[in-house]
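So the mapping is simple: the numbering used here equals the position in the sequence shown, first residue as 1, plus 89. The beta-carbon is built from N, C-alpha and C at its ideal position, and this holds for glycine as well.
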Amino acid sequence: MTPRAVADDEWLRNNIFQPKCTILGKVCRFMIDAGSCENIVSVEAVQKLGLATEQHPRPYKLAWLKKGGEVKVSKRALVTFSIGANYKDSVWCDVVAMDACHLLLGRPWQFDRGVVHDGITNKYTLMFKGVKIVLVPAKDPEEVKPTKESSSLLSLARFEDELQDSEVVYILMGKEVDRDIDVPEAAISIVKEFCDVFPDEMPEGLPPLRDIQHRLTLSPVRHYLIDHTTE
90 MTPRAVADDE WLRNNIFQPK CTILGKVCRF MIDAGSCENI VSVEAVQKLG LATEQHPRPY
150 KLAWLKKGGE VKVSKRALVT FSIGANYKDS VWCDVVAMDA CHLLLGRPWQ FDRGVVHDGI
210 TNKYTLMFKG VKIVLVPAKD PEEVKPTKES SSLLSLARFE DELQDSEVVY ILMGKEVDRD
270 IDVPEAAISI VKEFCDVFPD EMPEGLPPLR DIQHRLTLSP VRHYLIDHTT E
């Protein structure tokens, strides 16, 4: 038996539909989950985006979205989001503390919009205002292996991701500053006296090393004769 070749669409078998949407001009992560009985928006998204909330007409408790016991659901928010250029919708979402994504579209959204899911291609199809909308999955980005040599450079993609998840960004920029050096008074008089000897500009470092071009050889030979005779 020969091993089965890995198909180009094999990644769809374990892919969870979690692309990105836009809420109030901010890029957010969202998921589609038929196993969720409600549409959910995270507390983090509500706080960062400043979404208006109201008391939930039927408060309840959840025990599967976040570890640490049951989560009480007492508020909801009307979330307006857009996916691509042709689909913009508004749904009521329960406000819940969760870490998986910012927006979770559950069974209510699928039921109200007549969403059809293709289990092989993992595509979601719906008719919205007379227009056929097809939502396609996004392939999970490959894990970037760290290089052996550490680098202080930040890629544009990483910077954009950090910028979207942060409310405040601080930029640290280097700036050249002319610093005055205090010269001892004892040296000032010497510098003034020999001002024609000192150069106007000092080099940034020591001169490069060079091979010895000349040398002196001392030989133990007497070149001068001294007469010790006396008159």
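Whole-angstrom distance between residue j and residue i, CA atom to CA atom
i	j	result
residue 295	residue 278	25 Å
residue 182	residue 261	39 Å
residue 130	residue 206	22 Å
residue 121	residue 224	10 Å
residue 283	residue 242	48 Å
residue 220	residue 109	21 Å
residue 101	residue 136	33 Å
residue 197	residue 128	7 Å
residue 270	residue 297	26 Å
residue 212	residue 265	55 Å
residue 287	residue 281	10 Å
residue 227	residue 204	18 Å
residue 172	residue 216	14 Å
residue 200	residue 176	17 Å
residue 247	residue 290	43 Å
residue 187	residue 178	22 Å
residue 292	residue 114	53 Å
residue 94	residue 170	Any reading at residue 94 needs caution, since the residue's pLDDT is 43, under 50, leaving its predicted position unreliable; the model's value is listed next. Their backbone Cα atoms lie some 40 Å apart in a straight line.
residue 98	residue 123	22 Å
residue 272	residue 285	18 Å
residue 193	residue 174	20 Å
Assumed close pair residue i, residue j - CB separation to whole angstroms, cut-off 8 Å
i	j	result
residue 195	residue 125	3 Å
residue 150	residue 162	7 Å
residue 185	residue 132	7 Å
residue 112	residue 138	6 Å
Beta-carbon proximity list for residue i, same chain, < 7 Å, skipping 5 on both sides
i	result
residue 258	252
residue 189	120
residue 118	107, 109, 190 and 191
residue 299	none
residue 166	130, 135, 140, 141, 142, 182 and 184
residue 250	none
residue 202	215 and 217
residue 263	none
Sequence-distant residues of its chain with Cβ nearer than 6 Å to residue i (five each side left out)
i	result
residue 209	none
residue 214	205 and 223
Chain-order list of residues whose beta-carbon lies under 8 Å from that of residue i (same chain, five-residue window excluded)
i	result
residue 91	Note that residue 91 scores a pLDDT of 44, beneath 50, so its modelled location is shaky and nothing firm can be said.
residue 148	161, 162 and 163
residue 267	none
Would you check if there are 3 or more beta carbon pairs closer than 8 Å linking the stretch 263-276 to the stretch 134-150? Judged by Cβ distances under 8 Å, the stretch 263-276 makes no contact with the stretch 134-150, as fewer than three pairs qualify.
Continuous alpha helix (DSSP H) assignments of at least 4 residues falling wholly in the stretch 129-200: The stretch 129-200 is shown to contain whole alpha helix (DSSP H) runs of 4 or more residues at 132-138, in chain order.
Taking only runs that begin and end inside the stretch 279-303, name each unbroken alpha helix (DSSP H) of 4 or more residues, in chain order. With a minimum length of 4 residues, no continuous alpha helix (DSSP H) run stays inside the stretch 279-303.
Unbroken alpha helix (DSSP H) runs of length 4 or more, entirely within the stretch 196-227: which are they? 196-202
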